[in-house]
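Q: Could you have a look at this structure, given as structure tokens, before my questions?
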Amino acid sequence: MGENRLYFLDNLRASIIFIVVLLHVSLCYMMYAPNWWYVIDPVTSKFFTLLVVLIDVPIMPAMFFIAGYFALPSLRRHGAMEFLWQKVWRLFFPWVLGVVVLAPPTAFMIPFTRKLPVELFSFWTSTFWTEAFQHSVYWFLALLFWMFVGLTLLWKCIPALRELTRTPATAPLWFFPAFVAASAVCFYIVLQFFPVDYWFVSYLLSFQPERVFQHILYFSLGIWAWKYGWFTDGGYRPRKRAWLPVLAITMVVYLTAKMGFTTAHAPLWKKQLVLACSFATYCIASLMGWSALFSTWVNSSGRIWRSAADNSYGIYFLHALIVYWLVYVLIPVRCSIYLKAAVVFITAMALCWFLTAVILRKAPLLRRMF
Numbered sequence: 001m002g003e004n005r006l007y008f009l010d011n012l013r014a015s016i017i018f019i020v021v022l023l024h025v026s027l028c029y030m031m032y033a034p035n036w037w038y039v040i041d042p043v044t045s046k047f048f049t050l051l052v053v054l055i056d057v058p059i060m061p062a063m064f065f066i067a068g069y070f071a072l073p074s075l076r077r078h079g080a081m082e083f084l085w086q087k088v089w090r091l092f093f094p095w096v097l098g099v100v101v102l103a104p105p106t107a108f109m110i111p112f113t114r115k116l117p118v119e120l121f122s123f124w125t126s127t128f129w130t131e132a133f134q135h136s137v138y139w140f141l142a143l144l145f146w147m148f149v150g151l152t153l154l155w156k157c158i159p160a161l162r163e164l165t166r167t168p169a170t171a172p173l174w175f176f177p178a179f180v181a182a183s184a185v186c187f188y189i190v191l192q193f194f195p196v197d198y199w200f201v202s203y204l205l206s207f208q209p210e211r212v213f214q215h216i217l218y219f220s221l222g223i224w225a226w227k228y229g230w231f232t233d234g235g236y237r238p239r240k241r242a243w244l245p246v247l248a249i250t251m252v253v254y255l256t257a258k259m260g261f262t263t264a265h266a267p268l269w270k271k272q273l274v275l276a277c278s279f280a281t282y283c284i285a286s287l288m289g290w291s292a293l294f295s296t297w298v299n300s301s302g303r304i305w306r307s308a309a310d311n312s313y314g315i316y317f318l319h320a321l322i323v324y325w326l327v328y329v330l331i332p333v334r335c336s337i338y339l340k341a342a343v344v345f346i347t348a349m350a351l352c353w354f355l356t357a358v359i360l361r362k363a364p365l366l367r368r369m370f
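Heads up: the sequence shown at position 26 corresponds to 26 in the UniProt record's numbering, and the numbers run straight through without jumps.
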């Protein structure tokens, strides 16, 4: 198994983008959705609530891991300035474009779907930039960009980092327990200062405090994985028979902890500790379980997977506004919300895929970003 094994990381990244779209569709039909969510169908289902809880946790850590895995070889190949300039084009400019052009009409759906007296132009030019400001789905681009900036500064300042070479090795027995412990401690400490699912929002960054350290840890884990040649000959290769049972168990434990967090009769610190530990174990089990599956079963560079990988970034960039307006348009339609969700997901995916392929990856300037 040589470099071809790395095709599965591109395929995994594309699949995670598809799951992100599914997550945002499901949020519109779930019970107990955040009261600020962009559009909520009057008919809801606990099925979508469970789906949201399960897929919301592991997708972003996996994305940061994949970004970290490819960061150092790219930095070594291009040098600091060219590497950063590439990230400006691939992350910073799309983030600015998303926040300025697509986030305002997306955020406008919050008052619009509540029948509040607000007009799009005044909201876009005034209200959005004050009390209604948000990054929408583009928070990920900003946070990842600043991580790359931080890595580049470290690479310039620490000679040992520049001299790192890839030395494939298996993961020691202590590694995953230690990583889970560090992840859980970070999560638990942050919960002492911020409520669960709280969002910090500023003009340059937006993130959930209890998860931002997870993102940094998984970005760093990706760098570690590259250094020790994970997924290559001589390096660590997660095995399905080891990780899939762990994934199933941690999924159930996390779901129980999350769903019972507000209703369980236990001291707050105990509930926070259980949530932190279950969150940390579910994240790493998901990443390793998915990697084991994809490296074995979805290690293809065929036409469909190549197209999915090439267009996934644009799908992520475009999907939010399209998903929410489709949900809103379908609210009056009398049919099952499961059918509605399927229609929204398939239509949004197809439309975003098409627009990415024919516009974002073809138009001047835009094709350099996407």
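Even glycine gets a Cβ: it sits at the ideal position worked out from N, Cα and C.
These numbers come from a predicted model, not from an experiment.
For the alpha helix (DSSP H) that contains residue 92, what are its first and last residues?
A: Neither: residue 92 is in no alpha helix (DSSP H) and is coded neither H nor E.
Q: From what residue to what residue does the alpha helix (DSSP H) around residue 78 run?
A: Run containing residue 78: 59-78, per the alpha helix (DSSP H) assignment.
Q: Sort out for me which residues DSSP pairs residue 200 with in a bridge.
A: Answer by DSSP bridge pairing, in chain order: 207.
Q: Can you tell me where the alpha helix (DSSP H) holding residue 272 begins and where it ends?
A: Run containing residue 272: 268-297, per the alpha helix (DSSP H) assignment.
Q: What would DSSP say about residue 30, mapped onto helix, strand or coil?
A: Three-state DSSP puts residue 30 in a strand.
Q: Looking at the structure shown, is residue 15 part of a helix, part of a strand, or coil, going by DSSP?
A: Correct three-state label for residue 15: helix.
Q: Count the other C-beta atoms from every protein chain shown that fall within 10 angstroms of the C-beta of residue 265, then say buried if there are 16 or more, exposed otherwise.
A: Looking at its Cβ environment, which holds fewer than 16 other Cβ atoms inside 10 Å, residue 265 is exposed.
Q: Which value, in whole angstroms, describes the spacing of the CA atoms of residue 230 and residue 346?
A: Whole-angstrom Cα-Cα distance: 34 angstroms.
Q: State whether the region 76-87 contacts the region 309-320, with contact taken as three or more CB pairs (one from each stretch) at a distance under 8 angstroms.
A: Short answer: they don't touch.
Q: Return the CA-CA distance between residue 164 and residue 305, expressed in angstroms with no decimal places.
A: Each residue's Cα considered, the two are about 32 angstroms apart.
Q: By DSSP, does residue 126 sit in helix, in strand, or in coil?
A: Coil, per DSSP.
Q: Excluding the 5 residues preceding and the 5 following residue 257 in the sequence, name in chain order all residues of the same chain whose CB lies nearer than 6 angstroms to its CB.
A: Excluding positions up to five away in sequence, the list reads 274, 275, 278.
Q: Please name the residue or residues paired with residue 45 in a DSSP beta bridge.
A: In DSSP, residue 45 forms a bridge with 30.
Q: Would a C-beta distance cut-off of 8 angstroms place residue 118 and residue 324 closer than the cut-off?
A: Taking 8 angstroms as the Cβ cut-off, residue 118 and residue 324 do not qualify as a contacting pair.
Q: Just how far apart, CA to CA, sit residue 371 and residue 219?
A: Beyond the ends of the chain as shown, which are 1 and 370, falls residue 371; an answer cannot be given.
Q: Is the beta carbon of residue 143 less than 8 angstroms from the beta carbon of residue 205?
A: Their beta carbons are under 8 angstroms apart, which means residue 143 touches residue 205 by this criterion.
Q: Are residue 316 and residue 17 closer than 8 angstroms when you measure CB to CB?
A: Yes, the pair counts as a contact, with Cβ atoms nearer than the cut-off.
Q: Beta-carbon within less than 8 angstroms of residue 222's beta-carbon, same chain only, minus the 5 sequence neighbours each way: which residues are those?
A: Within the same chain, residue 222 has close Cβ partners 64, 65, 66, 67, 68, 69, 70, 71.
Q: Give the straight-line distance between the Cα atoms of residue 298 and residue 234, rounded to the nearest whole angstrom.
A: For residue 298 and residue 234, the distance between alpha carbons rounds to 21 angstroms.
Q: For residue 283, which residues from the same chain have a beta carbon less than 8 angstroms from its beta carbon, with the 5 sequence-adjacent residues on both sides left out?
A: If we look at residue 283 and ignore the five residues flanking it on each side, its Cβ neighbours are 57, 58, 61, 183, 214, 218.
Q: Buried or exposed, going by whether 16 or more other CB atoms sit within 10 Å of the CB of residue 326?
A: Classification of residue 326: buried, given that the 10 Å Cβ count is 16 or more.
Q: When you compare only the Cα positions, how much space is there between residue 333 and residue 28?
A: Using only the alpha carbons, I get a separation of about 15 angstroms.
Q: Mark residue 239 as exposed unless 16 or more other C-beta atoms lie within 10 angstroms of its C-beta, in which case mark it buried.
A: With fewer than 16 other Cβ atoms within 10 Å, it is exposed.
Q: Give me the residue from 290, 272, 253, 134 with the minimum Cα distance to residue 189.
A: The residue with the shortest Cα to Cα distance from residue 189 is 272.
Q: Could you give the DSSP three-state label for residue 250: helix, strand or coil?
A: Correct three-state label for residue 250: helix.
Q: Spatial neighbours of residue 287 within its chain, please: C-beta separation below 7 angstroms, excluding the five flanking residues on both sides.
A: Closer than 7 angstroms at the Cβ level, and outside the excluded window around residue 287, lie 58, 61, 62, 65.
Q: By the DSSP assignment, the alpha helix (DSSP H) with residue 311 in it spans what residues?
A: Run containing residue 311: 303-330, per the alpha helix (DSSP H) assignment.
Q: Using the Cα positions of residue 169 and residue 175, report the straight-line distance between them to the nearest angstrom.
A: Computed Cα separation, rounded: 12 angstroms.
Q: Please work out which residues of its chain come closer than 8 angstroms, Cβ to Cβ, to residue 42, disregarding the five sequence neighbours upstream and downstream, and give them in chain order.
A: Excluding positions up to five away in sequence, the list reads 331.
Q: Let me know if residue 10 comes out buried or exposed under the rule of 16 or more other beta-carbons within 10 Å of its beta-carbon.
A: The residue in question, residue 10, is buried, as its Cβ has 16 or more Cβ neighbours within 10 Å.
Q: Can you look up residue 389 in the DSSP assignment and give me helix, strand or coil?
A: Nothing about residue 389 can be read from this structure; the chain reaches only from 1 to 370.
Q: Determine the direct distance from the alpha carbon of residue 31 to that of residue 46, and round the result to whole angstroms.
A: Roughly 6 angstroms separates the two Cα atoms.
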